[in-house]
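**Student:** Residue numbers (my numbering), protein chains in the order written: chain A, 438 to 722; chain B, -8 to 351; chain C, -18 to 608; chain D, 7 to 131; chain E, -3 to 114; chain F, 3 to 159. Even glycine gets a Cβ: it sits at the ideal position worked out from N, Cα and C. The following block contains the structure, expressed as structure tokens.
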């Protein structure tokens, strides 16, 4: 790593929560508008997080603190590595450290909701983690490397990997936990598990998780954006458009069942990946 | 693996604003058994009948449940009127019917919203409640209060609807109907909604009858029971058919409720057009004579039964309310085992529970 | 010098084991065993330090040992024949006879006497030897305390520990034999000894179930031995090769692939790959140190060792591709089966099979980074799995159950063991630790082979799931979160602490490890090195992984969490949210079990179908020879 | 509807209820009334839109439960048991005083006389 | 799945329906039962309201000419207003605003003052 | 705007609400829910019905306390991290309302937990509810500032 790498790393780590918070705020505003409401101010997520950070530290179990910190730090680390264009597979692996701890933190409390939520989150991870790596394999087939640097030099992945792009959008939809995929937690808590996996996190630790979610959201959006790395502005627009579509889907569908999600995501993931890569393999060369 | 988990459901739970406690025994996510515990709303208001006179009790029974409060008051008043042999004016009967049907619409819309929320369809919840506000406006404009409208008194009603208001109501109802058609389309055809409701919580006709289910719960299973056909209040003057669906699953119950909303809109239109001029109440003198009476009517959730025993004083001897949800609880406990955990809110809401009714 | 050291590492334990069996006194026995272990450990260090690699050395004792081994072969096979009658398992007899006859024919009529180089030593041998002589002694030390407690529980009138430790020592000697032997017939002999010691150790408790499972293990391993023998005979018949060095020098040809297939098949049985997995699951009835030593960290690794040895002979063939697919299939199939288990040892057993499958798959991919991945996996898996087995053993002896559901709230009951178990599981499934690093390498290496890559990815995701919930269970605090001070025996403490330290240090020092012993091996295999490692950064031509930042992040989180807990006095502890109702007595409380998906995964049914598929895959591997 | 209920001997109660059940009647409700030092329990059945009532007079002990004939009578019998202290024999599921009232609620609050003390802790969950 | 799109896009194209309370207040309906007021000057302390009140939230003391009313117990049914012989009771259309302390409305005829007390 | 000011502001801008129906007749419940819906849309003030006391700042209670749910109410209140505000919505929650003479009713929720805002009405209108919640948000901010003062005083002493 060179000095400029360190600078980029630091800049990404500092800027990402701001972007993530803004996007979350926009998400809430747009959702409200879609529902015919006025909606919260765009800065609302920041108010929420700042408030949560300065609330009383309430825990059930010391381990929760640890889990929340690791979740946040691994998210930060993965975003930082993304910014310096490191190995994407490594980034996913680092991200999954946080997720594992996130789940363990919830399992470590005795609240039935948080435990069932954690079980569901595990199922959810089972649904999207493989897909995420499938996406990388698709990129590898085009770029011949897992290094983001090499992948980005390819320019317009979207043209080669349209179906893989769909798979990644699906991952985004599962990851941001919107209908029809909000099983382990839900944005507005009106589900059978209250807030599921987040039920027993409170105050500052909930805030840490919220911030980590922003990091992951931005990371996923950035992964969508590199499908058009020739011009990253267009890439960003594409990824925001996908995000907007996810909001719309959230607003036109009910929460589905867990089994449905697992079979749906795996089918889509495997079929689309195989078809797309097969296409590359047989048609393009 | 025979490992079974136990999961609480309620009393403080966002899906179910009302406090009911279910202890669910689940295997993975499949519900094996459900043990209910009630009593978080139990106030014991039936005994208030011995402390408050029969006129004041109208306002108490209205607060048995805030959602179909008007119908509680109506049923109570009809019981007392039958006991005392009071004939209420026809216009009062019509007015009672209109308010009752408005309540049915608002109750069904409220239910639909909560139901949508239970399976995670937030937008549907918002849209339904947006439409529901129009009904609430009608109630507020005609009675002075949004939820507990306190219009029924022994001997008739307290508030009148003038022709200007009637016109406005009709206009609003057209608007509501228009918007509801879109919602109806979603409830009936949306893939995700169907996935979450079709075949979920099937209650056969025999089971529904045997377990004493009432209202949409029974109607969704093909039991043709709608007390409005017995022609209390103004229903004898109105033209309608009870709505029955056969499948007995959550989807069928949805359909019953959705169709009932349109039916209610139609009934209100009929009632407003047929409503004669005249008094809205008759003065009631004296106390109810000693005797027992049972009065029933069709609430939005089903059949409510009022049992009243009077001893000739102004205080009633015994007031007992058998509410529809109370009758639907056995059916709920029947359909819960075997379902998935994520369907539990759907199933609970599919009986349209009103716990404060159940526990009084 | 080297050859003497090697000889010591093989002969010393075997001789000592024969002595151990006669020692009745516990203290004397322990001292004696300890001394032997020390010899093994020191000799392996000495080999590591002094050996000039790779090397093929002879020894003056070749003739005697060869004769002994030839006699030993028959003794062993006739003993198994006897065992077969004793436990009434005809399959063992069938495979014994199936080996005795060809062996006799081969040795009498085909094999020409010749003086051969005794030992073949290269970095792979060193790695295996280090694993055996570091992990092995630690587990044996652990067994001191464990077996005392075990026999107390069983209320044995007469201690049978001398037999137990004798077999352990015999096994360690035999492992070293497999690792260093140059003569394939020697490998075959030691191979059979490990099978036999596995049988003896599984049936150690003499319960009906133990004997049943032990005989199952024996016959499946005998099947493997038979396959190995067939492979050797065919090899000798067509090429006249009987030594490893000669085998590795030949250019691969179709005629070589047939014996290689049989040898690989033998390895599959020993590694309990898919249609043969049942013996390893049954082997879990053995005392836990046995599971740790034989059935996860060393004996099953002999299979990996064998395939790794053979890897150059089938590089670039279709056979290789099918081996990769087969390994990947076993990986995902057993991972799925592990998902349906709540028995801790069974989960570990399935996960062991899965990881062996992963290694076999990597070897099948057969590129330099894949081989690197396989070797790294071998090392890290041996350490972490041994640690976990020992943890489960400790937990089982304390709470009387190996079911992960019963481990709820373990952290309050045995905090130290729980933390060690926690680190052990983490070292198997999350990123900065060596296992995941190797998995990363394996997946990147597999990415050209789409089907294998898909299977590996799905399998890894499942692995994370079943381990995560286990951690969650042990860390969940009970309703009355009162921490107990845990008492551990010093031997157990030593074993757990040293293994967990090794696991962490190895993961931290993965680059050094790679440069020191893995890289020379790859070099020796004459593969272009595509993996570079320096200062915590591993880089291949596909990507790179830096470890230190991740360790740094985790360390930072730990420090932050500790500071928060220590410094803030305003932390409030509440009850868990239970929808407003909080029952104080635990009987009435809510309890959530893990999801085992019985509706989707039915172990028996699933196993049946998976076995069919894997059988077809083995046929496909055989077919791969022809392609 | 003015109630004219038919009195039934306690011993005949189950056979009467069984008759209603076999006749295709739907169980509507049970109502318990205070009758000086006794209780009157009115059973209401319906066929179609018509109601029929029978009642028993009891001192509140050993009333045969009809929950084995009409399983839906279970809820209401549990309620009567708690609110009036009437004891039922053969309740299909006995909530043991945890159905309506809490631990510290008054005991059999709706009864004029108090027959049994609600037993605490004997939950049947 | 796409049935909801119609409402989504119509909502997006329209202004939100939200009533911007408290910045814009809607005019209440004129029969709203907001809160109870007593024109104490006209009150004759007959006690009718006390007798008919289902919630027993009104206390009238004829001797001391005190009319006491607990707004935190009143169900706003309006019966007292209907029964009031002097029509001095009135239901205002505006709801009573929230407070951080409960209080009784204590009206006396002598000094025409309103006192707040717990 | 300094950081401290921003923190303080965030308390009034982001009060998360948990609603507990403590034996209400549903009248107030549906009005509380109505506040969340498009017409009233409390999310304008950052209020979200989080449904989980551990995340909430404001506990809005409707209905009377009875013998069975008083423990639940206390539990829910105890699980909320400080600073927290309690709103009693509707007369039942304020005083027990029309049911205060019933045998199973204890009275208003102030019998069990401290109440910061009383919203009268039967049922309380959504506008009144919004007023109450808005006031609660201000109280929340105040409580936070007060706590901050106490903490800094501690650190000085």
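#1: Going by C-alpha to C-alpha distance, which of 580/C, 560/C and 534/C sits closest to residue 510/A?
#2: Based on DSSP bridge pairs, tell me the residues matched to residue 27/B.
#3: Could you give the first and the last residue of the continuous alpha helix (DSSP H) run that contains residue 656/A?
#4: Just how far apart, CA to CA, sit residue 600/C and residue 304/C?
#5: Please identify, using Cβ separations under 8 Å, the residues of the region 479 to 497 of chain A that lie next to chain C, in order along the chain.
#6: I want to see whether chain C comes within less than 8 Å of residue 449/A, judged by CB atoms only; does it?
#7: List the endpoints of the continuous beta strand (DSSP E) containing residue 163/F.
#8: Please report whether the beta-carbon of residue 110/D lies at a distance below 8 Å from any beta-carbon of chain F.
#9: Take the Cβ of residue 72/B as the centre, count every other Cβ of all protein chains shown within 10 Å, and call the residue buried at 16 or more, exposed below.
#10: I need the boundaries of the beta strand (DSSP E) containing residue -1/B, first residue and last residue.
#11: What residue range does the beta strand (DSSP E) around residue 64/D cover?
#12: I'd like the span of the alpha helix (DSSP H) that includes residue 296/B, first residue to last.
#13: Between residue 505/A and chain F, is any beta-carbon pair separated by less than 8 Å?
#14: I need the boundaries of the alpha helix (DSSP H) containing residue 194/C, first residue and last residue.
#15: Looking at chain B, is there any beta carbon in it that lies within less than 8 Å of the beta carbon of residue 606/A?
#16: Can you name the residues that DSSP bridges to residue 520/C?
#17: Measuring only the C-alpha atoms, how far is residue 79/B from residue 295/B?
#18: What is the residue span of the beta strand (DSSP E) that residue 592/C lies within?
#19: Mind listing, in chain order, the continuous beta strand (DSSP E) runs of no fewer than 3 residues lying wholly within the region 25 to 101 of chain F?
#20: Quick check on the DSSP output: the beta strand (DSSP E) that includes residue 482/C runs from which residue to which?
#21: Going by beta carbon distance, what residues of the same chain come within less than 6 Å of residue 438/C, once the five residues before and after it are set aside?
#22: When you compare the region 602 to 618 of chain A with the region 542 to 557 of chain A, are there three or more beta-carbon pairs, one atom per stretch, that lie closer than 8 Å?
#23: Would residue 560/A and residue 536/A qualify as a contact pair, given that the criterion is a beta-carbon distance under 8 Å?
#24: Leaving out the 5 sequence neighbours to the left and right, which residues in its chain are closer than 6 Å to residue 658/A when beta-carbon positions are compared?
#25: Which residues bound the alpha helix (DSSP H) around residue 260/C?
#26: For residue 86/E, count neighbouring C-beta atoms within 10 Å of its own C-beta (all shown protein chains included) and say buried if the count is 16 or more, exposed if not.
#27: Against chain D, does residue 106/F count as a neighbour if the rule is that its beta carbon must be under 8 Å from one of theirs?
#28: Would residue 628/C count as contacting chain F if we go by Cβ distances under 8 Å?
#29: Residues in the region 17 to 35 of chain B with C-beta within 7 Å of chain D's C-beta atoms, listed in sequence order?
#30: Taking a cut of 9 Å between CB atoms, which residues from the region 21 to 42 of chain F lie near chain B?
#31: Quick one: what's residue 63/E bridged to in DSSP?
#32: For chain B, find out if any of its Cβ atoms is closer than 8 Å to the Cβ of residue 97/D; answer yes or no.
#33: Given a cut-off of 8 Å on the beta-carbon distance, is the pair residue 473/C and residue 364/C in contact?
#34: Would you call the CB atoms of residue 355/B and residue 174/B closer than 8 Å?
**Tutor:** The short version:
#1: 534/C
#2: 13/B
#3: 640 to 662
#4: 11 Å
#5: 493, 494, 495, 496 and 497
#6: no
#7: What is shown of chain F runs 3 to 159, which leaves residue 163/F out entirely.
#8: yes
#9: buried
#10: -4 to 0
#11: 56 to 64
#12: Not the alpha helix (DSSP H): residue 296/B falls in the beta strand (DSSP E), residues 294 to 301.
#13: no
#14: 189 to 220
#15: no
#16: 513/C and 525/C
#17: 21 Å
#18: Residue 592/C -> not in any beta strand (DSSP E); alpha helix (DSSP H) instead, spanning 584 to 607.
#19: 60 to 64 and 87 to 91
#20: No beta strand (DSSP E) holds residue 482/C; the alpha helix (DSSP H) holding it covers 471 to 489.
#21: none
#22: no
#23: no
#24: 676
#25: 259 to 263
#26: exposed
#27: yes
#28: The first residue shown for chain C is -18 and the last is 608, placing residue 628/C beyond what the model contains.
#29: 26, 28, 29, 30, 33 and 35
#30: 21, 22, 23, 24, 25, 26, 27, 28, 29, 30, 31, 32, 33, 34, 35, 36, 38, 39, 40, 41 and 42
#31: 56/E and 103/E
#32: no
#33: no
#34: Because chain B spans -8 through 351 in this model, residue 355/B falls outside it and cannot be assessed.
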